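In full-length UniProt numbering, the protein residues as written are 1 to 366.
Glycine included, C-beta positions come from ideal geometry on N, C-alpha and C.
Just so we're clear, the structure is a prediction, and the values are computed from it rather than from any experiment.
The structure under discussion appears below in the form of structure tokens.
Now the structure itself:
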């Protein structure tokens, strides 16, 4: 006797087919390799484009508001999920029934998303602050501290136990990020000396004023919010049977609300210059990358394991560093390069599977 399925149901987040997702292909290309390329491009291009859009601004043109960019990105993310859901159901009427069942008739599910969506909205706004004050390569390295915050919150909230290997990786991560940030201290001191010299000579300082300390605080706050939101999201959704795109729409509704509330901080500027003031083609590319990036990562998680994700993150750091040297006049010191290599190694070590202890060794210990 076969079990009947609800006509409006979709494959859930925990749905498994007979074929392993690791063996899936797209036009002959293994999905796990394609996922690696997608994640690499998304991780590296977002930081670089966002940095470029915040630093390379014409003197006669106002810089775009981060709060409006996050708000538009949330709307775009919601519309993308709606489009994909309609494409999967192949029926507008069926899509409406699913939305009524999972969104309108279950307000408690949306209320569950208030905490993570609020933190994600805060995190997205802080990314603009961070990349307005830090080099893209420095941001990429420092942002790996979200691994540390996620690990700590997983121990506290999800009662997980970390092995000695993972604790060693987290320690090396702290060491590497500290070495990278020490370059910012010396760089800030040299930039202040240059600014004072320029003022003494009566020269105007061109470009936006950057404060690495503010950038560091923004990155650290973003890492903490990302770790807590991720663990909270996992704790709430444990065992939940909801389609991934519907769940992202639930998250997007409250995320859009929080992003709209964040625009009240810039309400005077919006009233004077409009919602889209300072927007360029690069700005729209940043908005699209930020909106679709989270959805791409959600797809990648289905096909790529922790090793591939760590590998993509490490490659993104290297790519951002090389591009920053050629396009942003970034001059990494030896200390920065050593710290970056330590962070890359710690990322690989944290995602590396544990080495099984041979049975003979276990029996001898007993």
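Mind checking residue i: buried by the 16 CB within 10 Å criterion, or exposed?
i: residue 51; result: buried
i: residue 274; result: exposed
i: residue 38; result: buried
i: residue 327; result: exposed
i: residue 171; result: exposed
i: residue 102; result: buried
i: residue 320; result: buried
i: residue 340; result: buried
i: residue 163; result: exposed
Compute the Euclidean distance between the alpha carbons of residue i and residue j, then round it to the nearest angstrom.
i: residue 147; j: residue 45; result: 20 Å
i: residue 136; j: residue 47; result: 6 Å
i: residue 335; j: residue 347; result: 18 Å
i: residue 350; j: residue 144; result: 11 Å
i: residue 280; j: residue 168; result: 44 Å
i: residue 65; j: residue 224; result: 24 Å
i: residue 232; j: residue 165; result: 24 Å
i: residue 149; j: residue 338; result: 23 Å
i: residue 62; j: residue 352; result: 46 Å
i: residue 333; j: residue 53; result: 25 Å
i: residue 158; j: residue 57; result: 44 Å
i: residue 325; j: residue 291; result: 27 Å
i: residue 4; j: residue 246; result: Unreliable positioning characterises residue 4 in this predicted model, as indicated by a pLDDT of 42, which lies under 50. The coordinate reading is nonetheless provided below. Cα to Cα, residue 4 sits roughly 21 Å from residue 246.
i: residue 174; j: residue 342; result: 9 Å
i: residue 81; j: residue 91; result: 15 Å
i: residue 181; j: residue 138; result: 8 Å
i: residue 272; j: residue 125; result: 21 Å
i: residue 40; j: residue 176; result: 21 Å
i: residue 323; j: residue 142; result: 17 Å
i: residue 160; j: residue 329; result: 43 Å
i: residue 191; j: residue 79; result: Because residue 191 sits at a pLDDT of 47, beneath the cut-off of 50, its placement in the model cannot be relied upon, and the point is left open.
i: residue 110; j: residue 84; result: 20 Å
i: residue 236; j: residue 229; result: 10 Å
i: residue 77; j: residue 151; result: 27 Å
i: residue 293; j: residue 316; result: 14 Å
i: residue 265; j: residue 104; result: 30 Å
i: residue 86; j: residue 178; result: 47 Å
i: residue 331; j: residue 282; result: 24 Å
i: residue 88; j: residue 263; result: 34 Å
When the Cα of residue i is compared with those of the options, which residue comes out closest?
i: residue 243; options: 235, 335, 99 and 55; result: 99
i: residue 107; options: 249, 260 and 40; result: 249
i: residue 60; options: 39, 277 and 212; result: 277
i: residue 133; options: 264, 212 and 322; result: 212
i: residue 153; options: 138, 234, 180 and 139; result: 234
i: residue 269; options: 41, 56, 67 and 57; result: 67
i: residue 210; options: 330, 41, 49 and 55; result: 55
i: residue 259; options: 178, 130, 104 and 118; result: 118
i: residue 318; options: 293, 331 and 344; result: 344
i: residue 221; options: 266, 264 and 128; result: 128
i: residue 36; options: 178, 313, 295 and 105; result: 313
i: residue 131; options: 104, 282, 49 and 261; result: 49
i: residue 261; options: 104, 121, 86 and 227; result: 121
i: residue 140; options: 263, 34 and 43; result: 43
i: residue 123; options: 77, 226, 155 and 89; result: 226
So what's residue i in DSSP terms, helix, strand or just coil?
i: residue 321; result: helix
i: residue 266; result: helix
i: residue 367; result: Since the first residue of the chain shown is 1 and the last is 366, residue 367 is not available in this structure.
i: residue 418; result: The structure shown does not extend to residue 418, since the chain is modelled only from 1 to 366, so the question has no answer here.
i: residue 146; result: helix
i: residue 55; result: helix
i: residue 112; result: helix
i: residue 107; result: helix
i: residue 273; result: helix
i: residue 243; result: coil
i: residue 88; result: helix
i: residue 328; result: coil
i: residue 280; result: coil
i: residue 132; result: coil
i: residue 212; result: helix
i: residue 352; result: coil
i: residue 225; result: helix
i: residue 117; result: helix
i: residue 333; result: coil
Can you find a heavy atom of the ligand SAM that lies under 7 Å from the Cβ of residue i?
i: residue 49; result: The ligand SAM is absent from the structure shown, which contains no ligands of any kind.
Exercise for the section: Please determine if the stretch 275–292 and the stretch 91–103 are in contact, where contact requires at least 3 C-beta pairs separated by less than 8 Å. Expected result: Output reads no: the stretch 91–103 does not touch the stretch 275–292.
Problem - Segment contact flag, the stretch 215–225 with the stretch 65–73, C-beta cutoff 8 Å, min 3 pairs - result: no
Handout entry: contact_flag[the stretch 107–115, the stretch 252–259] where n(CB pairs < 8 Å) is 3 or more
Key = Touching, yes.
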